[in-house]
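Remember, my numbering sits 51 above the position in the sequence shown when you count from 1. Worksheet: the structure to be examined is printed underneath.
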Amino acid sequence: MFIHYGYKHLVFNCLVQIVLGLLLELVHKFWRVGLVYLLGVISGSLASSVTDSFSLMCGASGGCYALIGAHLATVIMNWDIMQEGWLNNPLNFISSGVVRSILIIVLGGSDTALAIYDRFSNPNGKIRVGFSAHFGGFIAGLLLGVVILRNLKVEKWEKYFVCNCVLIFLLFVVATILFNVYCYRINECPACEWDI
């Protein structure tokens, strides 16, 4: 979480933490956003350990993608409020759920595409930086953002949705931990030969 591989990685993570983290903290308080962030780091690490265990894990991508997922969760949970008068006022249009969703998808998608490209563009290279933490962090942020962050207007369907999000997240954590305990590949790790 405190080391990064390359300046692009560091700049993107800092921008996400400053922009999205600050926006979320203004509405939902720092401790809620911090909890989502830390659980996103852990979830990203668990996802990476299951899907690409011999790649290099560095950076705060799990936490940053948890912030991206949490931002999308707040858009989903507060969609009706964000869409009020969004076509009548330019400021409402910019802060509408549609525009926020598009920006989140473009931001997260472009960085993930770059991470996947960097991972597979040099298959014979010694250092293989993983990208699975992006997906694990995003899923954690999306699920936990619904549960932990404040909902401005609670509707009946959202209560069931929150319960399902908790259940899915707990299943993810238990499944990845059980996989690491019982199914971890014990063969020699090629990462042990890296000279960084």
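Positions of the beta carbon are idealized from the N, C-alpha and C atoms, including for glycine.
Residue i versus residue j: straight-line alpha-carbon distance, rounded
i    : j    : result
R170 : V150 : 30 Å
V213 : I190 : 14 Å
S152 : A121 : 12 Å
F230 : Y58  : 33 Å
L89  : A124 : 17 Å
I155 : G148 : 10 Å
K204 : L77  : 17 Å
G196 : L86  : 10 Å
A111 : L71  : 14 Å
I132 : N64  : 29 Å
Helix, strand or coil at residue i according to DSSP, with G and I counted as helix
i    : result
L107 : strand
G160 : helix
F81  : helix
I247 : In this prediction, I247 scores a pLDDT of 46, lower than 50, which makes its location untrustworthy; the coordinate-derived value is nonetheless stated afterwards. In this structure, I247 counts as coil in the three-state DSSP scheme.
E135 : coil
L234 : This sequence places Cys at residue 234; Leu is not what is there. Residue state, collapsed to three classes: coil.
CB of residue i within 8 Å of CB of residue j, strictly
i    : j    : result
I167 : F186 : no
L97  : V224 : yes
G113 : V84  : no
I119 : G192 : yes
With 16 other Cβ atoms within 10 Å as the buried cut-off, status of residue i
i    : result
D246 : Its pLDDT being 47, under 50, D246 is placed unreliably in this model, and the value from its coordinates should be taken loosely. Exposed, since its Cβ has fewer than 16 Cβ neighbours within 10 Å.
N215 : exposed
A184 : buried
L222 : exposed
I199 : buried
Report task. May I have a chain-ordered list of the alpha helix (DSSP H) segments no shorter than 4 residues that lie completely inside the segment 169 to 231? Result -> Qualifying alpha helix (DSSP H) stretches, in chain order: 183 to 199.
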